[in-house]
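In order, the protein sequences belong to chains A, B and C.
In this text, residue positions in the first sequence follow numbering that gives the first Met the number 0: the first is 0, and each later residue adds one.
In this text, residue positions in the second sequence follow numbering that gives the first Met the number 0: the first is 0, and each later residue adds one.
In this text, residue positions in the third sequence follow numbering that gives the first Met the number 0: the first is 0, and each later residue adds one.
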Amino acid sequence: MKKRIVVDWGLRLAVFIAAVGLWELFVSTTQNFLLPRFTDVARALFFLVFSEARFWEALYISNQALILGFAISVVVGIPLGLLAGRFRWMDRVLNPYVGVLLTMPVAPLIPIVIIALGLGIAARVFIVVLFAFVFITVNTRAGVRSVEPSLIEMAKSFGASEAQIWRRIVIPGAMPAIFAGMRIGLGRSITGMVMVELILVASGLGRLLLEFSGRMQSDLVFATVLAVIVEALALLAGMQALEKRITRWAPDISIG
Amino acid sequence: MKQETVAKPAPKSSAARTVVMPRGLRSYACRNLPEVLAPLAGAVLWEVLGWSLDLQWLPPFSKVLEALVQFVGSGVILANLRSSLQALIIGFCLSLILGLFLGSLMGRYRYVEKAFDIYVHALFVCPSIVFAPIFFAIFGLSDAARIAIIVVYAMFVIVINTATAIRTVDPSLVEMARSFGCGEAQIFSRILLPASLPLVFAGIRLGMGRAVKGMINGEMLIAFVGLGALAEKYGAQFDAAKVFAIAMVVLIIGLVSNALVQMLDNRLTRWAD
Amino acid sequence: MRDNGGGVLALSDIDFEVHDNEFVTIIGPSGCGKTTLLRIIAGLIPYNRGEVAIDGRAITGPGPERAVVFQNFALMPWADVLANVTFGLEVRGTPLDECRDKAKDLIKIVGLEGFEKRLPKELSGGMQQRVGLARALAVNPRILLMDEPFGALDEQTRRLLQEQLLRLWEEQRKTVVFVTHSMDEAVMLGDRVMLMTPRPGRVKEMIDVPLQRPRSPQVEKSGAFVEIKEYLWENLRAMQVGES
């Protein structure tokens, strides 16, 4: 068993080294002086993380929209999903809108949000919410629908009230899907945050990227992007770990 | 693993004729009353609020439709639409080729799977838009950058679904083929390929949706041509009706492309559940 | 009791009585409405005409004097055995300590001592149903309603649970209404067997089972048992043939 793990990681390391090697090769053969070497990017990353206060400042500003937006998405999305899951008529009314919001790219609407809310944090938060909340709703609804009707019947047979059914059967039963929805919503929130940053380059990471781009400091551009990727992966891994702890008993039915 | 259950539309009765259709449509509307009423109500509300509130960012629904019609009439949107669709098609095809190839290898050979799984998963899970600045740096303000973004958006969901599809083919089928003397290539073409098709198509459908998002998201950022650029231009002009109209165009593109993939799916996988 | 179903007429002209401490089994072909009838008695489905009464008082919904054991166990997959057994008590507002104590006793009685912390998915079908039984008994119902409780189990487990059920019943002598597909089960367990016909569901006959209690597995070989079972099968087979 242990040997397998070693072999697996060896393979992954090999792929990594091969990728870096290809990268270096590509950079040295092309004349594109905007293309940084792997080592340059690594150095730039260290610089950003350890010596550049503005990086952390930008991170803070950008993440404000992320955290607020995600929180609002959860607060709006979960109740909507619960209602849609439990009450068929509500589900049918919401269905067309949900369908549209799921498939339609939110990005084209960003200029409209800007017209409405300006360039400040309100617009950024709203955009993040737009990106994320539908996925939370849809997964929550699926979770509620996935609760075995026989369990609800069983609870009724013991005389449980509607409130008790909600608290003891529907919500615990829907938990895995709700958490999956939150994990997906988190990913979407990050997407929204990044989209916002890159389009409304007024503040935060977007501003930094614009600056580095403008000054042709592509190693810093790459490093910043790498930092965002690392943050995204870390947040999502954390969410997934939380999800696993809460829902050891269930199979995977996530949407998105 | 993120997978979508493949939902097949019900087969249409072959006895449907034009005489029957209007009645059929009415009965459909009656049966699905909430689903039909809700968007209608929304449209009406939009219209009313648009006129009464007179907000810059909320034009009446009719004005949006007007802009849409205008688009279709004038040539303005056509050039941009063509540019967007071109990038979409090239990007999607590239994603298909790369995705199916890598996915098949990962599904079939455990070593390939273990070598690439964490990278594929990481790239799948993280917001694909972050790569836009990188591609911009590499390719500059060009079509290559936009296509690269589409590939990043669409490829990994195809890889993961394809890998899972091939990995979960009933091993007894493979065993059966071996027992009749089939070689590697035959097992692949006669067993693995057809058996994995439904799930692979699920991945392709998802990939199509992702590609459309990648197209528009990429264009909003690397905004020099295409629908995204148009949206930004009209946004800068505070012409909300036109921006909404573009959003609707993108939505239509998404729905049509999804329907196309679904049609292909149905024809090729009629035997599946 | 006398009641009718609405919409698709599920039941018609049902008129029978169950006495205290009696074990009544209900048997009939598929579609005869026996499960519907049980759920009406449980108060889970409303009925259009007629009346279902306990001690003369009509029922309008589920009540504390009745408890149900379900065919597919209906256990909460996220809760352990103890939590599942205490569910019925908790819902009625019993303080948690009391619930736990009662539950632990019952868990011991159904033979699952030591499994309190396990999740349903870690248990076999037979064990899961024992949890369902413990949960129903925990609320100390006057009437136990069992809806093909052993239907989802293999034959060996089924027989073991039948024996266990009989043993438990001997001690407590609750009133039991037990729906089943199996003639063996119907005769083995019941004091009376209610034979139903389908479409719409009707009571054809109430058959007495005068076999000695306590019932042991040997009773299956007795003449009386075989006779009653044959009688049941004749009737049931006729109903099946009539359908085609």
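Yeah, the Cβ is synthetic: ideal placement off N, Cα and C, and Gly gets one too.
No experiment lies behind these values; they were computed from the predicted model shown.
Item: Taking its Cβ as the centre, do 16 or more other Cβ atoms sit within 10 Å of residue 15/A, making it buried, or is it exposed?; Value: exposed
Item: Counting only beta-carbon separations shorter than 8 Å, does residue 159/B have a partner in chain A?; Value: no
Item: Could I get the ranges of all uninterrupted alpha helix (DSSP H) runs contained in the region 83 to 171 of chain A, with 4 residues as the minimum, in chain order?; Value: 87 to 102, 109 to 116, 120 to 144, 148 to 156, 161 to 164
Item: Can you confirm whether the region 90 to 102 of chain A touches the region 126 to 139 of chain A when touching is taken to mean that 3 or more C-beta pairs between the two stretches lie within less than 8 Å?; Value: yes
Item: Does residue 261/B get closer than 8 Å to chain A when you measure Cβ to Cβ?; Value: no
Item: If contacts are defined as beta-carbon pairs under 8 Å, then residue 185/A and residue 234/A qualify, I think. What distance do you get, rounded to the angstrom?; Value: 6 Å
Item: Does the CB of residue 138/C have a neighbour CB from chain A at under 8 Å?; Value: yes
Item: For residue 122/C, which option in 237/C, 9/C, 72/C has the closest C-alpha, if you only look at C-alpha atoms?; Value: 72/C
Item: For residue 344/A, return the contacting residues in chain C, with the cut-off set at a CB-CB distance below 7 Å.; Value: With chain A covering only 0 through 255, there is no way to say anything about residue 344/A.
Item: Answer yes if the region 117 to 125 of chain A comes into contact with the region 147 to 156 of chain A, meaning at least three C-beta pairs across the two stretches below 8 Å, and no otherwise.; Value: no
Item: Flag this pair as yes or no: are the beta carbons of residue 211/B and residue 249/B separated by less than 8 Å?; Value: yes
Item: With DSSP as the reference, label residue 3/B as helix, strand or coil.; Value: Only weak support is given to the placement of residue 3/B: the predicted model assigns it a pLDDT of 36, under 50, and the value that follows is read from those uncertain coordinates. Coil, per DSSP.
Item: Fully enclosed by the region 168 to 208 of chain C, which alpha helix (DSSP H) runs are 4 residues long or longer?; Value: 182 to 188
Item: Excluding the 5 residues flanking residue 18/C on each side, which residues of the same chain have their C-beta closer than 7 Å to its C-beta?; Value: none
Item: Consult DSSP for residue 25/C and reduce its assignment to one of helix, strand or coil.; Value: strand
Item: Grouping DSSP H, G and I as helix and E and B as strand, with all else coil, what is residue 222/B?; Value: coil
Item: Can you find the residues in the same chain that come closer than 6 Å, C-beta to C-beta, to residue 202/A, ignoring five residues on each side of it along the sequence?; Value: 60
Item: Where DSSP assigns a beta bridge to residue 56/C, which residues make up the other side?; Value: 53/C
Item: Would you mind reading off the limits of the alpha helix (DSSP H) that contains residue 16/A?; Value: 1 to 28
Item: Are residue 152/B and residue 209/B close, meaning C-beta to C-beta below 8 Å?; Value: yes
Item: Between residue 90/A and the rest of its own chain, which residues show a CB-CB distance below 6 Å, the 5 nearest in sequence each way excluded?; Value: 83
Item: So which residues of chain F does residue 200/B contact, with C-beta pairs closer than 9 Å?; Value: Structure shown: chain F not included; protein chains present are A, B and C.
Item: Hey, is residue 69/B's beta-carbon within less than 8 Å of any beta-carbon in chain A?; Value: no
Item: With a threshold of 16 other CB atoms inside 10 Å of the CB of residue 69/C, please say whether the residue is buried or exposed.; Value: buried
Item: In chain order, what residues of the same chain lie with their CB nearer than 6 Å to the CB of residue 140/A, ignoring the 5 residues before and after it?; Value: 80, 83, 84
Item: Where do the ends of the alpha helix (DSSP H) carrying residue 165/B lie?; Value: 142 to 166
Item: By a C-beta neighbour count over all protein chains shown, 10 Å radius and 16 as the cutoff for buried, is residue 169/B buried or exposed?; Value: exposed
Item: Give the range of the beta strand (DSSP E) segment to which residue 143/C is assigned.; Value: 142 to 146
Item: Assess, as a yes-or-no matter, whether the region 32 to 52 of chain C is touched by the region 95 to 108 of chain C under the definition of 3 or more beta carbon pairs within less than 8 Å.; Value: no
Item: Got a sec: which bits of the region 63 to 90 of chain C sit with their beta carbon under 9 Å from any beta carbon on chain A, in order along the chain?; Value: 63, 65, 66, 67, 69, 70, 71, 72, 73, 74, 75, 76, 77, 78, 86, 87, 88, 89, 90
Item: Using the Cβ count rule (16 or more neighbours within 10 Å means buried), how would you classify residue 163/A?; Value: buried
Item: Looking at the structure shown, is residue 20/B part of a helix, part of a strand, or coil, going by DSSP?; Value: Note that residue 20/B has pLDDT 47, beneath the 50 cutoff, so the model's placement of it is unreliable and the number below is only indicative. Residue state, collapsed to three classes: helix.
Item: Which residue marks the beginning of the alpha helix (DSSP H) containing residue 40/A, and which one marks its end?; Value: 37 to 50
Item: Any contact of the region 121 to 132 of chain B with the region 140 to 151 of chain B, i.e. 3+ C-beta pairs under 8 Å?; Value: yes
Item: When you compare the region 75 to 95 of chain B with the region 211 to 220 of chain B, are there three or more beta-carbon pairs, one atom per stretch, that lie closer than 8 Å?; Value: yes
Item: For the region 205 to 217 of chain B, list every residue whose C-beta sits within 7 Å of some C-beta in chain A, in sequence order.; Value: 208, 211, 212, 215, 216
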